[in-house]
Amino acid sequence: MTTIREVAKMAGVSVATVSRVINGNGKVKQATEEKVREIIKELNYVPSAIAVSLNNKKSKTIGLMLPDITNPFFAELAKGVEEVAKENGYTVILCNTNGDLQSELDHLQVLEQKYVDGIILSSHTLSYSDVEHIATPIVSIDRTLEGNFPSVTSNNFQGAVMAVRHLLEKGCKKIAHISGPQSIRTARLRLQGYLEVVGDLDWYTEALVADGDYEIKSGYEATRTLLQMNRDIDGIFAGNDLMAVGCLKAIHSLGLHVPRDISVIGFDGINFSKITIPELSTISQPIYDMGLLATNTLLKAMEGQCYEQMVYELDVQLIERDSTK
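Per our numbering, the sequence shown runs over residues 166 to 490.
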């Protein structure tokens, strides 16, 4: 493997001169620079990425911390982040935290040690005191973060209102909700949206809300419990698409039909919702665009630009499919 000393020797210059050419942080005569670059190309010399980053004080890397990379929602977010990062010459370091505070703290420490230029994270457990000491620019995605950190999310409350009103418009007389973990702000907002529509209706009771964890299994179990306690439920709003998939499976296991007996709508708009039987109606978030916007916001912060705004709340869209027709 070619070394920087070999490049310097062949070019007839010092190692320091070669280093200045590579890092672009010193005055070098144009003729000398051209000669050094010609030798670098001839010898196929590849500078150490670590050395370059230390000299430039830039690693050209972005840390991305997500709670569950197996969830298609976060996979789509990551795709958007990586797209913008790659276009701007950055590499993304992906960290899966499982939504665990200690894991998030450990990953933050590692990212700092790796001199990442910026961090995008989705957390419902980190507090301001956990991140206030971090000098690296931070942008929160999907979930808000305490303190002076910009966040990119969607209108979860309004999306839930749209979902429940859609079920009412389809003729549903008693609508249940499978909520996500109430420790997560998006889940709380979706529950609030559900209650905004049905809370004052004669048929509403607290027994129509079942707890889930944003996973398929919890959607299945919650649906069976709801239907055993309330046999006249004819509409279910699941807090995300994965739980809605579990809901469809549970209804089928009970010998019921969607949407003839029970209409079902989810939330997120993941691609998985297009291949269920029946295809799932959902509130679609602009997931990919959220990733794009979060990364562009971070890049501006990394360049020292002021944030144009602190909270970006993107619109959601009702996608009607066979599960509510």
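Here a beta-carbon is modelled for each residue, glycine too, at the ideal position from N, C-alpha and C. In this text, all values refer to a predicted model and were calculated from it rather than measured experimentally.
Extent of the continuous beta strand (DSSP E) to which Met-455 belongs:
That residue, Met-455, is in no beta strand (DSSP E); its alpha helix (DSSP H) goes 452 to 467.
CA-to-CA distance, Ala-372 to Leu-421, given in whole angstroms
Computed Cα separation, rounded: 21 Å.
Identify the residues that DSSP records as bridge partners of Thr-226: which are they?
In the DSSP assignment, Thr-226 forms a beta bridge with Thr-256.
Identify the continuous alpha helix (DSSP H) that holds His-331 and give its terminal residues.
Per DSSP, His-331 belongs to the alpha helix (DSSP H) from 321 to 334.
In three-state terms, what does DSSP make of Tyr-477?
Note: Tyr-477 maps to strand in three-state DSSP.
Strand pairing of Asn-261, partner residues [DSSP]
Beta bridge pairing from DSSP links Asn-261 with Leu-231.
Would you list the residues sitting across from His-342 in a DSSP beta bridge?
Partner(s): Val-374 and Phe-402.
Does the distance from the C-beta atom of Phe-402 to that of Phe-432 stay below 9 Å?
Yes, they are a contact pair.
Provide the residue span of the beta strand (DSSP E) that contains Gly-431, from first to last.
428 to 433 is the span of the beta strand (DSSP E), which, as asked, contains Gly-431.
Local conformation of Gly-312 per DSSP, three classes
Coil.
Suppose the cutoff is 8 Å on Cβ atoms and the five residues either side in sequence are ignored; what does the same chain contact list for Trp-368 look like?
Hits under 8 Å: Lys-338 and Lys-339.
Name, in chain order, the residues that DSSP records as bridge partners for Leu-273.
None; Leu-273 has no bridge partner.
On the CB-based measure, 16 or more other CB atoms within 10 Å of its CB, does His-298 come out buried or exposed?
Counting other Cβ atoms within 10 Å of its Cβ, His-298 stays below 16 and is therefore classed as exposed.
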